[in-house]
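Numbering (our numbering), first residue to last: 1227 to 1411.
In what follows, a single structure is set out as structure tokens and then discussed.
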């Protein structure tokens, strides 16, 4: 039993000394460090598997805002390059079925719109002019069109038509139909 205790104590001493040597000096995070943070999200693999496009989320100390840019990684070499850059808000990249274009949502013109980028030419074109943000975007299988969902405001027709009251009848007041939930604390 004594020998096992000595082995455990020696192991603990070795681990503790190696941790003490390898532990970097810890510096508390400062508020300005937020400008050094970056995150990658919504990765999309190209149809041929040779590239991955993703959204790079970072903060800018210059304008004190978060920015989202599209970046592309070559899966063979690991090389990365920006597809969009600057003070932008680009998101939701989607490869065309043939891999020659990427559709994405951008706030470049002030409201969320769908844009398409041709990778061989580096050109972009805005393809929507809608009031609400597009969601759930997808290419058609042949790559000729894009489908997406978006809120469309409309006047709702009543789902029930009450019959007219017979002559001389006294009916209760008409029912009120509630179409929006009101939240109260």
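Ideal placement from N, C-alpha and C gives every residue a C-beta, glycine not left out.
So, with DSSP's three-state summary, where would you put residue 1353? Residue state, collapsed to three classes: coil.
Look at the alpha carbon of residue 1334 and the alpha carbon of residue 1397, and state the distance between them as a whole number of angstroms. In a straight line, the C-alpha of residue 1334 is about 57 Å away from that of residue 1397.
Buried or exposed (CB count within 10 angstroms, at least 16 for buried), residue 1241: For residue 1241, the predicted model reports a pLDDT of 41, less than 50, meaning its position is unreliable; a value from the coordinates is still stated below. Residue 1241 counts as exposed, since fewer than 16 other beta carbons sit within 10 angstroms of its beta carbon.
With DSSP collapsed to three states, give me the class of residue 1231. Low local confidence applies: a pLDDT of 42 at residue 1231 is under 50, so the model's placement there is unreliable, and no value is given.
Thinking just about the alpha-carbon of each residue, which of 1293, 1337, 1255 is nearest to the one in residue 1352? It is 1337.
Residue 1386, buried or exposed, once every other Cβ within 10 Å from all chains shown has been counted against 16: With fewer than 16 Cβ atoms within 10 Å of its Cβ, residue 1386 is classed as exposed.
Do the CB positions of residue 1300 and residue 1283 come within less than 7 Å of each other? Their beta carbons are not under 7 Å apart, which means residue 1300 does not touch residue 1283 by this criterion.
Three-state secondary structure assigned by DSSP to residue 1289: DSSP places residue 1289 in coil when its eight states are reduced to three.
Let's see if you can read the secondary structure: which residues bound the beta strand (DSSP E) around residue 1392? Element bounds for residue 1392: n/a, residue is neither H nor E.
State the beta-bridge partners of residue 1273 as determined by DSSP. Partner(s): none; residue 1273 has no beta bridge.
Sequence-distant residues of its chain with Cβ nearer than 6 Å to residue 1285 (five each side left out): Same-chain partners within the cutoff: 1260, 1261, 1292.
Indicate the three-state DSSP secondary structure (helix, strand or coil) for residue 1404 in the structure shown. Reduced to three states, the DSSP call for residue 1404 is coil.
Have a look at residue 1380 and residue 1303 and give me their C-alpha separation to the nearest angstrom. Roughly 51 Å separates the two Cα atoms.
List the residues that DSSP assigns as beta-bridge partners of residue 1372. Partner(s): 1365.
May I have the straight-line CA-CA distance separating residue 1325 from residue 1279, to the nearest angstrom? Looking at the two C-alpha atoms, the distance is approximately 11 Å.
Between the region 1316-1324 and the region 1261-1270, do three or more beta carbon pairs fall short of 8 Å? Touching, yes, given that three or more Cβ pairs across the two stretches are closer than 8 Å.
Ordered along the chain, which non-local residues of its own chain (more than five positions away) have a Cβ less than 7 Å from that of residue 1264? Excluding residues within five positions, the ones whose Cβ falls inside 7 Å are 1282, 1283, 1284.
So, at 8 Å on beta carbons, what are the nonlocal neighbours of residue 1391 in its own chain, with the 5 sequence-adjacent residues on each side left out? Closer than 8 Å at the Cβ level, and outside the excluded window around residue 1391, lie 1397.
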